[in-house]
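Residue 59 in this note's numbering sits at position 32 of the sequence shown, with consecutive numbering throughout.
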Amino acid sequence: MAVKIVSDSTCDIAKAIAEELDITIVPAYVMIDDVAHRQGIDINPTQFYAQLESSTRLPSTSQPTPADFSERFEPLVSAGDQIVCITVPQQLSGTYNSAMQASQQLPDGAVTVIDAGTASVGHMLQVIAAAEDASAPDATLESVTDAALARASHGFGYAMVDTLEYLQKGGRIGKAQAFMGSLLKVKPILKVAEGEVLPVDRPRNLRRALQRVEELMREHGPASKLGVAYTTDPGPAEELRNRLSDLAPADQTYTVQIGSAIGTHVGPGAVAVATLA
């Protein structure tokens, strides 16, 4: 019997990393011009952002269904494995509820569902850490679950967006609505805490925004893992990674591209960064 890690695709983990760590990914959906696409299967980020910028209508997103989770859970449970499933926050998506519904169709204790409390790269770091825990020779469902819950309750990260337009149109803006009356050409900095999008700062240009995000990350001190993510321009993400390279070991530092499920809401030009203690 082994402990297996499952997540939804909003964690934005690279396919190669998921395969290396034996992480099962359940794709979210994005609807573009009335056509449904499974993130990472039917559409890749390059294709998605090209369509996002050219489409006359904002794409919409949809969580994986309970049947989608069941399709991934059942073979693992049938093989005698136990599952820890880490999802995007409940306040941002119905994904957690879909996973819970699927888990309730299986024997008690077969699946534990955990709300990551954060999104994209912060969620990804939690999933990677859980997979590493699960691969330990002495791993148990309890040990992997306890560590994952602790990380979820202390996870943090920041995102810098070009505009709040996409968050507002997608209904995910939360308390960041307070920034909507800002002057044009600011670079809003946001964070997701306890599942809610919260305003942090609104520097006036990219250079100052990068400096401010670096300052915020350094307030949290050294980390075991660091991740940066971007939607369309990897340059600012790589600059942040270089600026913060002393905070985490090089082999525990990741750069990923944000996929369609989160990209729909943050838009082109967004950058995110997160660490794990």
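Think of the CB as a built atom: it goes at the ideal place given N, C-alpha and C, for glycine as much as any other residue.
Values in this document were obtained by computation on a predicted structure and should not be read as measured data.
Near Val298, which residues of its chain fall below 6 Å by C-beta distance, leaving aside the five closest residues on each side in sequence?
Position 271 of the sequence shown, counted from the start, is the residue given in the question as residue 298. If we look at Val298 and ignore the five residues flanking it on each side, its Cβ neighbours are Met187, Tyr257, Pro263, Ala264.
If distances are taken between C-alpha atoms only, which option among Gly254, Val240, Ile289 comes closest to Ala277?
What you label residue 277 is simply residue 250 of the sequence shown in a count that begins at 1. Of the candidates Gly254, Val240, Ile289, the one whose C-alpha sits nearest the C-alpha of Ala277 is Gly254.
Could you spell out where the alpha helix (DSSP H) holding Asp142 opens and where it closes?
Residue mapping note: residue 142 aligns to position 115 of the sequence shown, counting from 1. No alpha helix (DSSP H) holds Asp142; the beta strand (DSSP E) holding it covers 138 to 142.
In whole angstroms, what separates the C-alpha of Thr37 from that of Ile52?
Against the sequence shown, residue 37 aligns to sequence position 10. Against the sequence shown, residue 52 aligns to sequence position 25. Going from the Cα of Thr37 to the Cα of Ile52 covers about 9 Å.
Ala256, enclosing beta strand (DSSP E) - first and last residue:
As a first step, residue 256 is located in the sequence shown; it is residue number 229 there, counting from the start. Start and end: 252 to 257.
Between the segment 146 to 158 and the segment 75 to 83, do three or more beta carbon pairs fall short of 8 Å?
no
Pairwise C-alpha distance: Ile141 and Leu176
Translated into the one-based positions of the sequence shown, residue 176 becomes position 149. Translated into the one-based positions of the sequence shown, residue 141 becomes position 114. The alpha-carbon atoms of Leu176 and Ile141 are separated by roughly 7 Å.
Candidates Thr83, Ser97, Ile44, Val115: which alpha carbon is nearest Glu223's?
Numbered from its first residue, the sequence shown carries residue 223 at position 196. Looking at the Cα atoms, Val115 is the closest of the given residues.
Please state the DSSP three-state secondary structure of Lys214.
Translated into positions along the sequence shown, residue 214 becomes position 187. It is coil, neither helix nor strand.
I'd like to know whether the C-beta atoms of Gln90 and Gly121 end up nearer to each other than 8 Å.
Residue numbering aside, residue 90 sits at position 63 when the sequence shown is read from its first letter. Residue numbering aside, residue 121 sits at position 94 when the sequence shown is read from its first letter. The answer is yes: Cβ separation under 8 Å.
As a quick exercise: from Gly136, Gln128, Glu246, Ser170, pick the residue whose alpha carbon is nearest that of Gly107.
For this step, residue 107 is matched to residue 80 along the sequence shown. A check of alpha carbon separations from Gly107 across Gly136, Gln128, Glu246, Ser170 identifies Gly136 as the nearest.
Ser34 to Val62 span [Cα, whole Å]:
As a working note, residue 34 is residue 7 in the sequence shown. As a working note, residue 62 is residue 35 in the sequence shown. So the two alpha carbons sit approximately 24 Å from each other.
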